[in-house]
Amino acid sequence: MKYTVALTLAAALVASPVLAAGTPQEERQLTMKSVGQAMGTLAKTAKGEINYDAAAVAKAFQTMNDATKNFVEKFPEGTETGHDTEASPKIWSDRTGFESAVDKFGNDTSNAVAAAPQDLDAFKVQFGKVAKNCSTCHEAYRVKKN
Amino acid sequence: MIRRIFITAVLLAIVAAVAAWFLSAPTTLSQTAFADLPDADLARGEEMFWAGGCNSCHAAPGAKGDEKLVMAGGLALKSDFGDFYAPNISPDKDAGLGNWSFSDFANSMKMGVGRDGEHLYPAFPYTSYTRMDMQDLNDLWAYMKTLPASSNVAPAHELGFPFNIRRAVGLWKRLYLKSGSVVRFASSDEAIQRGQYLVEGPGHCGECHTPRSLIGGLKLDVWLSGAKNPDGEGVIPNITPGGGLKSWSAGDIAYYLESGFTPDFDSVGGSMVSVQANMAKLPAADREAIAAYLKAIPAHGNGY
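Residue numbers (the working numbering), protein chains in the order written: chain C, 1 to 146; chain R, 147 to 450.
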């Protein structure tokens, strides 16, 4: 009996963050948070704040590439507002433009993973191409609401 | 009796109309403003071009790379008063400013008066550019003449009555065209002063980041406290130390202006993208000066 209660509790604890991240709005925000975190590693590397670590860089580019998979599916009709979303209405009025911005981000990050830069100079070339995607997409498809 | 009231009312209306006519008259710079200007410096003019962000509005919509140096015009600027279209300000003789003198140019930037002596609409942020030094304007003008010419003719503004009456802008300017500094500082720190000039003058940061009155004037008492996005959804953030920037160091602000990344590696978006791209072209000392100013100004709660 005790055992079942504990199990149920544990299950509830495990399940609750998953449930909280259940809406598409929340899922895409979590996805973008992971991109932001990966960006932290890359930007600090570019600034020379942390030593060059080829494995960490590859992992960060891979995290970004993973984020682009199924990303457009996280913007279904009916999720234009709610859950503090900062998605711009343009995502729905200009779907093709948005999808090609996601594709471009996917291509640039997969090229960066393939290039597997081994030193800072080689890295900066890939970093520059990847980083441009952030502001280009946020310019058109994201609006600050707070 | 009724007749007397009627005559008085008519007389008052005439007086008011005559007063409004005189009060709304365009004024231009005096000749002394042009005295003793040194020779124009193209490199400094280019810096003013980036600081002023002319390309954000005057480049063709969607322009990329070098196209951002062609001031062809055509971008629509939506507002509560109607749609404005940025004109062609390239050196083209017919479609652009090819026939303008420096005096014409300075009057547009500092007084909001066009070449034919007409009032310009404040969708052109001369309410900020009015704080620019004559020498900087002279350098900027020389630089702009080196940019490619374009024969594009931008669409006419689409404004309803009474906003389509340019003369009425004269009354608005009496209320809102002020060339003095917005913030007064006790200290005379050089970086803060440089930052003040860049933010309040050429950078025209307040035009987006400060809330406006019903008739579109900037509320200077809540300077940079954030505003509703004028052309669509969302807000423009509060950038005083009373908003989200409270937790940013001066270094964080300078890095954002250089790279577009916030301290938690979120990326710049919306209309700030083209501003940031221009800021990235300034010398590092200028971005640091802007950061020093933003850390030193009075804190306000969110203005939206």
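Glycine residues also receive a C-beta, built at the ideal position from the N, C-alpha and C atoms.
With respect to the alpha helix (DSSP H) encompassing alanine 186(R), which residues constitute its N-terminal and C-terminal limits? Run containing alanine 186(R): none; DSSP gives neither H nor E here.
Burial state of serine 420(R) (16 or more Cβ within 10 Å): buried
Does the beta carbon of valine 143(C) sit closer than 8 angstroms to a beta carbon anywhere in chain R? yes
With a threshold of 8 angstroms between beta-carbons, can asparagine 375(R) be considered close to chain C, or not? yes
Can you list the residues of chain C that serine 202(R) reaches, using a CB-CB cut of under 9 angstroms? None at all; the shortest Cβ gap to chain C is about 11 angstroms.
Distance, glycine 22(C) Cα to histidine 83(C) Cα: 11 angstroms
Short-range partners of chain R found in the segment 40-66 of chain C, where Cβ spacing is below 7 angstroms: Gly40, Ala43
Short check: CB of aspartate 335(R) to CB of methionine 194(R), under 8 angstroms? no
Spell out a yes or no on whether the segment 183-193 of chain R and the segment 205-212 of chain R are touching, meaning 3 or more CB-CB pairs, one atom from each, closer than 8 angstroms. no
Would you kindly check if the distance between the Cβ of lysine 441(R) and the Cβ of alanine 396(R) is under 8 angstroms? yes
Report the three-state DSSP secondary structure of lysine 374(R) (helix, strand or coil). strand
CB-CB under 7 angstroms to proline 271(R), same chain, minus the five flanking residues each way: which ones, in chain order? His350, Glu353
Can alanine 206(R) be considered in contact with the ligand SAM, in the sense that its beta carbon sits closer than 7 angstroms to one or more heavy atoms? Looking for the ligand SAM in the displayed structure turns up nothing, as the structure carries no ligands at all.
Anything in chain C within Cβ reach of glycine 415(R), meaning under 9 angstroms, just list it in chain order. Glu86, Ser88, Cys134, Ser135, Cys137, His138, Glu139, Ala140, Tyr141, Arg142, Val143, Lys144
Would you mind telling me which residues of chain R sit closer than 7 angstroms to glycine 36(C), beta carbon to beta carbon, in chain order? Asp410, Phe411, Asp412
Find the residues of chain C that neighbour glycine 208(R), judging by a C-beta separation of less than 7 angstroms, and give them in chain order. The contacting residues do not exist; glycine 208(R) stays about 10 angstroms from chain C at best.
What is the DSSP secondary structure of phenylalanine 407(R), counted as helix, strand or coil? strand
For phenylalanine 309(R) and phenylalanine 227(R), I'd like the C-alpha separation in whole angstroms. 7 angstroms
Output yes if chain R places a C-beta closer than 8 angstroms to the C-beta of alanine 20(C); else output no. The predicted position of alanine 20(C) is uncertain, since its pLDDT is 48 and thus under 50; no value can be drawn from it.
Check whether chain C comes within 8 angstroms of glycine 380(R), counting only Cβ atoms and requiring the distance to be less than that. yes
Looking at the structure shown, is asparagine 223(R) part of a helix, part of a strand, or coil, going by DSSP? In the sequence on display, residue 223(R) carries leucine and not asparagine. Strand, per DSSP.
Taking Cβ-Cβ distances shorter than 9 angstroms, what residues in chain C pair up with proline 357(R)? Residues of chain C passing the Cβ test: none, with the nearest at roughly 15 angstroms.
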